[in-house]
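First comes the structure, then the notes that go with it.
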Amino acid sequence: MKFRNKLILSLIILIVFLGSAYYAITYLYTQQMLQSYARNIRQVSAEQWSSQLSYYYQENGSSWYGVDSFVHFLANQSRDQDRLDNLILRDVDGEILSQVGSEIHQGEAITVAIVVNNKRVGMLQLSNKISNRLEIMQQTVFHSMTMGTFIGMIITSLIALLVGVWLSRLITNPLQSMIHSMKKIKDGDLQVKMSIDTDDEFGKVGETFNLMTDRLYRTEQARSHLVADVAHELRTPLTIIQGQMELIQQGIKKAEPETLLPIQDEVARLIHLVQDLHQLSLAEVGQLPLKKMETDMESLLVNIVNMYELEASERGIALHYQRIDNNQIPTLFIDPHRITQVFVNLITNALSHTSSKGKVVVQLEAQEDAVLVHIKDSGSGISAEHIPFIFDRFYRADQDRSREHGGMGLGLAIAKEYVEAHHGEIKVKSEAGVGTTFTVSMKYGEKN
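Taking this note's numbering, the leading residue of the sequence shown gets 1365, the next gets one more, and so forth.
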């Protein structure tokens, strides 16, 4: 049974249960009230008779002589004669002084003492026809109550049915959307999005579902890219290795160190490529392991610049570090190894695109909520049509350069993913023939 039908059925069952419980409680309460009313009427009638008989006893000289005629006279003259059923008057010794009607059964009568001057002079037992009237009243009340409850239950059930249909649609529509989206995922569509514009639990589920599908899509894309990129990038080095091995096997070349050196270089290149692709794929799906700690950014940058000063000097490039302001820079909660790799890639990229007598400047700037690091070079710059793609894996603006001399095109992609893994941001500004500036920003106190 569908959840929508279960919800409607549950509402109807609830209405029937509540109606039945209401009827049962009302029935018992009304029955108790009528019985209490009947007892009160009998008690009042008995007390009236007791009062009249006490008066008779006093006026008759404290004697019950002739009381039988008095009792029958009252019984015949009473306006409530039709209510009187049985009456028995006894003296203090239990002897019957007067009786109206038949014998009274135990439990049917009200018994009261006749007291004169604080002395009991007799006992009165009586029953009347009030029970018959109350029984008719009780039947009438219970019939009306039953009909009212039954009609009310029908009307309420119809209303509950209409409300249940509306509520079931309101509640199950998000579920239908989820099922539809899940079926699309099952069919391989990982770009499906669930649109649930509510702030309740369904909205949270929809938001989580969209995050999950986005993560699945990114993971699948990363896997597809990894396979395609590896197949593309491994083709050239594997071809070189295969060619060299075939020459050795055919005896054209001997397996000497100078012959094996190119093979070793290509193997090392392959190992480095696979490692970079693996780390890049982890970063793209948010699974990159980070060992964050409090890090002094200025000390980290100074050490990196010092490490590349010799290489820059050999190329005739001026490389130096610069503070833009004197503001105190708080320590950042980062993975120093990953961030070092970011700036190593950016500085290496700047040096490789800067000619002799050029310069590369690493600048540190403190803002209100973030630290900015600028890597500026006076190199050849990047054309506007290439800027949107420079962070893509294996993309190189200088397509004419070989991978041996121009790198594998992973440095900027890795830098971008590592920065974003720290919830930071990397931007680039460049002008062809003037130079390029990469800016990395990371916020203070970011510990996620």
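A virtual CB, placed ideally from N, CA and C, is assigned to each residue, including glycine.
Quick caveat: nothing in here was measured; it's all calculated off a predicted structure.
Residues sharing a beta bridge with residue i, DSSP
i     : result
Y1685 : V1726
H1507 : Per DSSP, none; premise fails for H1507.
T1475 : Q1489
V1464 : L1451
E1789 : S1805
H1738 : Q1727 and T1803
Helix, strand or coil at residue i [DSSP, three-state]
i     : result
T1659 : strand
R1484 : strand
A1796 : coil
R1757 : coil
I1519 : helix
V1804 : strand
I1668 : helix
E1768 : Summary for E1768: the model assigns pLDDT 46, below 50, so the residue's position carries little reliability, and this model does not support an answer.
I1698 : strand
T1704 : helix
E1622 : helix
A1748 : coil
N1574 : helix
Y1429 : coil
H1717 : coil
I1711 : helix
D1446 : In this predicted model, D1446 has a pLDDT of only 46, less than 50, meaning its place in the structure is not dependable enough to derive any value.
I1635 : helix
K1548 : helix
Cα-Cα separation between residue i and residue j, rounded to whole angstroms
i     : j     : result
A1734 : Y1808 : 5 Å
Q1692 : N1709 : 26 Å
M1501 : Y1429 : 41 Å
Y1401 : M1517 : 29 Å
L1378 : L1554 : 42 Å
L1375 : R1368 : 11 Å
G1425 : Q1489 : 23 Å
R1767 : N1690 : At R1767, the pLDDT of 45 sits below 50, so the modelled position is not reliable; the number obtained from the coordinates is stated separately. The straight-line gap from Cα to Cα measures roughly 41 Å.
L1776 : K1656 : 22 Å
M1397 : I1535 : 45 Å
T1513 : G1458 : 51 Å
H1507 : K1568 : 52 Å
S1588 : L1373 : 49 Å
K1547 : G1570 : 15 Å
Y1581 : G1552 : 10 Å
Y1386 : A1410 : 36 Å
Q1540 : S1384 : 35 Å
F1802 : S1645 : 23 Å
S1491 : N1404 : 13 Å
I1519 : Q1407 : 43 Å
I1549 : V1380 : 42 Å
Beta carbon of residue i nearer than 7 Å to that of residue j
i     : j     : result
E1781 : A1647 : yes
I1668 : F1707 : yes
I1681 : G1722 : yes
P1653 : E1630 : no
N1537 : K1557 : no
I1698 : H1786 : yes
L1649 : T1583 : Correcting the residue identity first, residue 1649 is Val in this sequence and not Leu. Yes, Cβ-Cβ distance for V1649 and T1583 is below 7 Å.
M1806 : L1664 : no
A1477 : R1484 : yes
I1627 : Q1606 : no
I1688 : E1732 : no
T1394 : V1505 : yes
Y1371 : S1532 : The residue you asked about is not Tyr; residue 1371 is Leu in the sequence shown. Yes, they are a contact pair.
M1509 : T1390 : yes
Sequence-distant residues of its chain with Cβ nearer than 7 Å to residue i (five each side left out)
i     : result
V1725 : H1684, Q1686 and K1740
G1745 : S1794, E1795, A1796, G1797, V1798, G1799 and T1800
R1454 : I1460, L1461, G1486 and M1487
L1611 : K1617
Q1422 : V1480
T1718 : I1681, V1724, D1741, S1742 and G1743
V1456 : R1484, V1485 and G1486
Q1585 : none
Beta-carbon proximity list for residue i, same chain, < 8 Å, skipping 5 on both sides
i     : result
L1715 : Y1672, E1675, A1676, R1679, I1681, L1683, V1724 and D1741
E1658 : T1695, L1696 and F1697
S1720 : R1679, G1680 and I1681
I1711 : I1668, V1669, Y1672, L1683, V1724, V1726 and I1739
Cutoff 6 Å; reference residue i; Cβ partners in own chain excluding five residues on either side
i     : result
T1623 : K1617
V1464 : A1439 and L1451
V1804 : V1737, V1783 and I1790
Y1420 : F1434
I1523 : none
S1747 : A1796
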